[in-house]
Amino acid sequence: MRHIIRRITDKAFTILTGTSVVLLTSVLLIVLGPMVWRGAKAVIFKDTVEFRKMQLDLYNRGNPASLKAENAETESFRKTVYEIVDDFKHGIDTEELIDRTKQIYRQLGKELRYKEVTDEDYQRIRSLARDIRDRLQAAFESNDKKVIKENINYILQYRLDKDLADTAAAEFFTLAEDFSQSIENIDLNKSRQYAGSLQQIEEIIFRLLGPKPSDPLPALTMERYGATRWDMAQKLLDELLWSEQWVQKEPRQPLIKIRISRAEEFAGTKLEPLFGYVENNLDKMLKPESRFYWQYFIDDSTPGHYFGGVGPEILGTLLLTLLAMLFVFPLGVISAAYLVECASDNLAVRIIRMCINTLAGVPSIVFGLFGLAFFVLFFIPLFGGPSKPCVLAASLTLAVLTLPVMIRASEEAIRSVPQTYKEASLGLGASRFSTFVKVTLPAALPGILTGLILSLSRVAGETAPILFTGAVALGPLPKSLFDPTRTLSYGSYDIAVGDRLAMLVPHNQYGMVVTLVLLILCLNAIAIVLRARVSRKLRG
Amino acid sequence: MQKGKDNMPIPALEKEANIDHINSVVSLSRKADSANREKKTDCKCAIIKSENFSFYYGSKVGVKDITMEIYPCSVTAIIGPSGCGKSTFLRSINRINDLIPHTHVEGKLLVNGHNVYDKNTNLVNLRQQVGMVFQKPNPFPKSMFENVAYGPKLQGVKSRSKLQQIVENSLKAAALWEEVKDDLKKSALALSGGQQQRLCIARALATKPSIILMDEPCSALDPIATGKIEDLIDKLQNDYTIVIVTHNMQQAARVSERTAFFCLGEMIEYDSTVKIFRNPGKKQTEDYVTGRFG
Chain A
132 MRHIIRRITD KAFTILTGTS VVLLTSVLLI VLGPMVWRGA KAVIFKDTVE
182 FRKMQLDLYN RGNPASLKAE NAETESFRKT VYEIVDDFKH GIDTEELIDR
232 TKQIYRQLGK ELRYKEVTDE DYQRIRSLAR DIRDRLQAAF ESNDKKVIKE
282 NINYILQYRL DKDLADTAAA EFFTLAEDFS QSIENIDLNK SRQYAGSLQQ
332 IEEIIFRLLG PKPSDPLPAL TMERYGATRW DMAQKLLDEL LWSEQWVQKE
382 PRQPLIKIRI SRAEEFAGTK LEPLFGYVEN NLDKMLKPES RFYWQYFIDD
432 STPGHYFGGV GPEILGTLLL TLLAMLFVFP LGVISAAYLV ECASDNLAVR
482 IIRMCINTLA GVPSIVFGLF GLAFFVLFFI PLFGGPSKPC VLAASLTLAV
532 LTLPVMIRAS EEAIRSVPQT YKEASLGLGA SRFSTFVKVT LPAALPGILT
582 GLILSLSRVA GETAPILFTG AVALGPLPKS LFDPTRTLSY GSYDIAVGDR
632 LAMLVPHNQY GMVVTLVLLI LCLNAIAIVL RARVSRKLRG
Chain B
6 MQKGKDNMPI PALEKEANID HINSVVSLSR KADSANREKK TDCKCAIIKS
56 ENFSFYYGSK VGVKDITMEI YPCSVTAIIG PSGCGKSTFL RSINRINDLI
106 PHTHVEGKLL VNGHNVYDKN TNLVNLRQQV GMVFQKPNPF PKSMFENVAY
156 GPKLQGVKSR SKLQQIVENS LKAAALWEEV KDDLKKSALA LSGGQQQRLC
206 IARALATKPS IILMDEPCSA LDPIATGKIE DLIDKLQNDY TIVIVTHNMQ
256 QAARVSERTA FFCLGEMIEY DSTVKIFRNP GKKQTEDYVT GRFG
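Protein chains in written order, with our numbering: chain A, 132 to 671; chain B, 6 to 299.
What follows is the structure, given as structure tokens:
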């Protein structure tokens with residue numbers, strides 16, 4: 132009986148441990164998998180001609196000649212889009228038309244004064260023009276086709292008027308004619324709605340294709356290029372084809388989101404063919420190509436994190452991490468050596484030990500504020516440095532943050548060196564110091580390196596301690612230790628909280644996070660290889 | 006460290022002379038007659054003398070009231086049941102017991118006339134003169150060369166060729182040279198247990214001590230390795246004062262000239278080995294060596 136129970140418990144133990152390992156692995160995959168997948172899209176993706184333009188302009192990469200040819204090709208397809216939109220806009224954008232009539236009226240006044248006509252003529256022509264203008268405006272603003280027709284017919288009877296011919300007022304008749312033509316197929320009750328939708332559509336087209344070739348170059352770099360990525364273009368296409376609306380299906384019920392085809396919305400108008408055209412010719416307008424954008428890891432990013440890569444962030448993270456390690460390694464080892472080799476077991480030492488254990492669990496933001504209060508505002512100015520967030524303060528804060536971990540690991544490592552090594556060394560006439568340096572420390576090195584790996588991972592990923600002590604979201608590379616730097620952790624935090632960019636460039640945010648994970652992995656791998664080499668040397 | 010106050014009037018051997026000295030050890034064959042050695046008058050080895058020496062771990066007695074004189078250039082064995090204080094006594098001679106906190110001593114323990122528990126004792130010099138071999142082979146996790154050269158390097162020998170000479174001589178003296186001369190660069194941990202122990206002996210010899218303390222040097226070794234170590238001890242006794250703690254009474258009988266029997270922290274009997282094993286003066290000793298007790 133007992134034998135059976137023992138076998139069952141053994142089996143249960145095996146199954147339990149196996150299951151937990153499988154569970155952990157799957158959780159890791161579930162958590163990391165999508166992130167890595169999305170992050171990889173920052174590097175491997177389908178680009179568009181806009182991307183190549185941006186690369187040529189901002190990073191001087193690519194072949195200008197072939198790009199020019201490509202540009203001309205895409206331009207020929209894009210032209211139709213702009214034509215359709217412009218054509219439709221004439222009939223629909225009444226505000227613009229009304230503004231135009233006012234302009235014409237004013238211009239006419241100037242012309243008349245220039246021609247030095249008699250007061251009487253001036254008054255007559257002005258009142259006629261005002262009449263035409265008002266009727267035209269009434270036509271533009273009206274929703275009733277009959278009223279519009281009446282007004283336009285009224286206006287057009289003055290077309291051959293001598294006074295108005297060859298003046299600015301002649302444009303009134305062109306406007307009137309164009310308008311009467313363009314409204315023929317439009318349900319005027321919807322024109323307001325059309326105006327709103329049209330504005331959206333124009334904005335989407337702007338984001339999709341970039342500024343019109345005829346327009347001046349926008350001031351913001353991010354507005355100079357259309358969709359640089361094919362997935363972005365697809366998303367914009369979807370926005371173009373479908374509008375979303377919140378409607379109330381039944382009273383007292385929450386609003387429901389529905390998708391409305393814009394082609395249906397604009398059915399029968401001059402804009403209708405636009406949608407089909409864009410959908411069918413998007414690839415010709417943007418020319419997608421697969422791209423392995425490895426320069427993501429070295430490129431500086433341009434406006435915000437809209438274009439470019441995370442080069443400065445990687446450098447900043449490395450700089451902070453390695454500097455922090457430089458501070459924490461000797462400090463940690465020396466402190467641990469004191470605790471193991473020199474300190475006797477009295478109250479003071481016990482209090483120190485307790486403090487170290489407590490510090491290991493203190494939230495990192497507390498260290499951040501400590502770093503601000505101590506390093507930035509007191510310590511560095513004390514030695515004549517500038518009192519501002521900087522690399523030095525940030526790395527010192529990180530070192531303080533990870534010191535408890537380092538001390539604990541080193542202490543354990545030093546303690547676990549066999550006493551016989553120490554005895555042998557002392558027995559050969561070595562002093563305590565040379566015993567520690569020549570025998571204990573080398574033997575404890577693998578354990579100490581484990582502590583270093585743990586601190587390294589923590590330091591590289593920390594955001595809160597560097598929040599106030601030396602991280603910036605944007606800015607140049609630090610020129611000295613007294614400049615702030617960009618880091619991956621702070622960068623992803625900044626994109627996540629402070630920016631509409633996160634919605635526009637999710638791949639960049641994920642890319643940054645995955646880069647951070649990869650960086651920590653690389654640093655760890657280096658440290659682990661180092662540790663393996665040391666312990667192999669020790670084992671012989 | 007080397008330049009520290011030297012209060013130990015231990016005769017320092019000339020470095021060059023010592024190399025020859027070790028060489029001569031190797032060439033010496035085992036001498037059958039031990040009586041001859043006792044009469045040696047030119048022996049430079051140190052004398053260990055303890056006068057009412059007591060050692061306490063806190064309030065617990067380690068050894069109590071030990072009064073004995075250990076003769077130079079001979080092997081002295083200390084036997085006794087576990088926990089009788091023989092290791093404590095041995096480890097007091099080079100003060101390696103200092104590593105244990107809360108201990109204190111009473112009485113005197115003299116090496117060449119100087120009390121080792123004197124406040125002014127230079128531990129570095131003491132331990133260079135009193136080499137030690139431990140129960141378990143404990144080579145450093147370094148190469149064999151580094152292991153043996155560790156002591157001389159601490160003494161300030163820098164020249165590579167001199168170090169090589171010392172390493173070679175020490176390994177020859179420890180009868181290990183022939184086995185390892187081709188891979189001195191390999192880690193000492195790659196050696197077998199017996200080889201490691203001989204390496205530890207070589208390491209102890211390299212600092213040119215006059216006394217070698219051996220704390221059950223063969224307890225972790227198989228009979229063949231033990232035989233080799235015993236042969237080695239036999240060779241070394243011409244030039245070093247050797248004190249060996251052992252559980253193995255046959256071993257004590259084989260290698261030592263004089264034997265001390267400890268029990269419960271006290272020295273029961275101290276006499277020539279032949280006498281202790283053949284004709285012990287006390288009942289307790291007789292019980293122990295005949296296996297009726299302990």
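A virtual CB, placed ideally from N, CA and C, is assigned to each residue, including glycine.
When DSSP reads this structure, His436 of chain A sits in no beta bridge, so it has no partner.
For Gln376 of chain A, the secondary structure class from DSSP, reduced to helix, strand or coil, is strand. Residue-level contact by beta carbon fails for Ile249 of chain B and chain A, as no gap is shorter than 8 Å. Segment contact: the segment 227-243 of chain A against the segment 257-273 of chain A, three or more CB-CB distances shorter than 8 Å; contact assigned.
Per DSSP, Leu478 of chain A is one residue of the alpha helix (DSSP H) stretching across Leu478 to Leu490. Thr108 of chain B does not reach chain A, its nearest Cβ partner there being about 13 Å away, counting only Cβ pairs nearer than 8 Å. By the Cβ test, the segment 404-418 of chain A is in contact with the segment 361-373 of chain A, since at least three Cβ pairs between them sit closer than 8 Å. Leu154 of chain A is classed as exposed because its beta carbon has fewer than 16 other beta carbons within 10 Å across all chains shown. Contacts with chain B (Cβ-Cβ distance below 8 Å) from the segment 546-558 of chain A involve Pro549, Gln550, Thr551, Tyr552, Lys553, Glu554, Ala555, Ser556, Leu557 and Gly558, listed in chain order.
Using a Cβ-Cβ distance cut-off of 8 Å, the segment 125-141 of chain B and the segment 75-84 of chain B are not in contact, since fewer than three pairs of beta carbons, one from each stretch, lie closer than that value. Around the beta carbon of Met219 of chain B, 16 or more other beta carbons sit within 10 angstroms, so the residue counts as buried. Going by DSSP, Met73 of chain B is part of the beta strand (DSSP E) stretching over Lys65 to Ile75. Ser562 of chain A has a beta carbon lying within less than 8 Å of a beta carbon in chain B.
Per the Cβ contact rule, the segment 580-589 of chain A is not in contact with the segment 612-627 of chain A (fewer than 3 Cβ pairs under 8 Å).
Here Phe303 of chain A is buried: its Cβ has 16 or more other Cβ atoms, across all protein chains shown, within 10 Å. Per DSSP, Glu354 of chain A has no beta-bridge partner at all. Leu572 of chain A does not reach chain B, its nearest Cβ partner there being about 12 Å away, counting only Cβ pairs nearer than 8 Å. Annotation for Ile626 of chain A: the continuous alpha helix (DSSP H) segment containing it runs Leu619 to Gly629. Not a single C-beta of chain A is nearer than 8 Å to the C-beta of Ile98 of chain B.
In the DSSP annotation of this structure, Cys268 of chain B is not part of any alpha helix (DSSP H); the continuous beta strand (DSSP E) holding it starts and ends at Arg263 to Cys268.
Sequence-ordered contacts of the segment 124-136 of chain B with chain A read Leu128, Val129, Asn130, Leu131, Arg132, Gln133, Gln134, Val135 and Gly136 [C-beta pairs closer than 9 Å].
Only residues of its own chain outside the window of five on either side were considered, and among them Val180, Arg183, Lys184 and Leu187 have a CB closer than 8 Å to the CB of Leu198 of chain A, listed in chain order. Taken in chain order, the members of the segment 644-671 of chain A whose beta-carbon sits within less than 8 Å of a beta-carbon on chain B are Lys668, Leu669, Arg670 and Gly671. Taking C-beta separations shorter than 6 Å and ignoring five residues to either side along the sequence, the partners of Ser224 of chain B in its chain run Gln140, following chain order. A buried status is given to Leu598 of chain A, since no fewer than 16 other beta-carbon atoms sit within 10 Å of its beta-carbon.
With respect to chain A, the C-beta atom of Leu168 of chain B has no partner C-beta closer than 8 Å.
If you draw a straight line from the Cα of Lys240 of chain B to the Cα of Ala180 of chain B, it comes to about 10 Å.
When Cβ pairs closer than 8 Å are counted between the two stretches, the segment 587-605 of chain A is seen to touch the segment 443-451 of chain A, the count reaching three or more. In this structure, Pro157 of chain B lies near Ala211 of chain B, with their beta-carbon atoms less than 8 Å apart. Chain A has no Cβ within less than 8 Å of the Cβ of Ser55 of chain B. Within chain A, the residues Ala555, Ser556, Leu559, Ala561, Lys569 and Val570 have their CB atoms less than 9 Å from the CB of Tyr155 of chain B, given in chain order.
Between Glu274 of chain B and Lys287 of chain B, the beta carbon gap of about 5 Å places them in contact (Cβ cut-off 8 Å). The Cβ-Cβ distance between Thr108 of chain B and Asn99 of chain B does not fall below 8 Å.
In chain A, no part has a C-beta under 7 Å from the C-beta of Ser92 of chain B; the shortest such distance is about 12 Å.
Nearest to Trp377 of chain A by C-alpha distance, out of A:Leu371, A:Glu370 and A:Pro385, is A:Pro385. Of the candidates B:Trp182, B:Asn125, B:Gly199 and B:Cys78, B:Cys78 places its Cα closest to the Cα of Pro214 of chain B.
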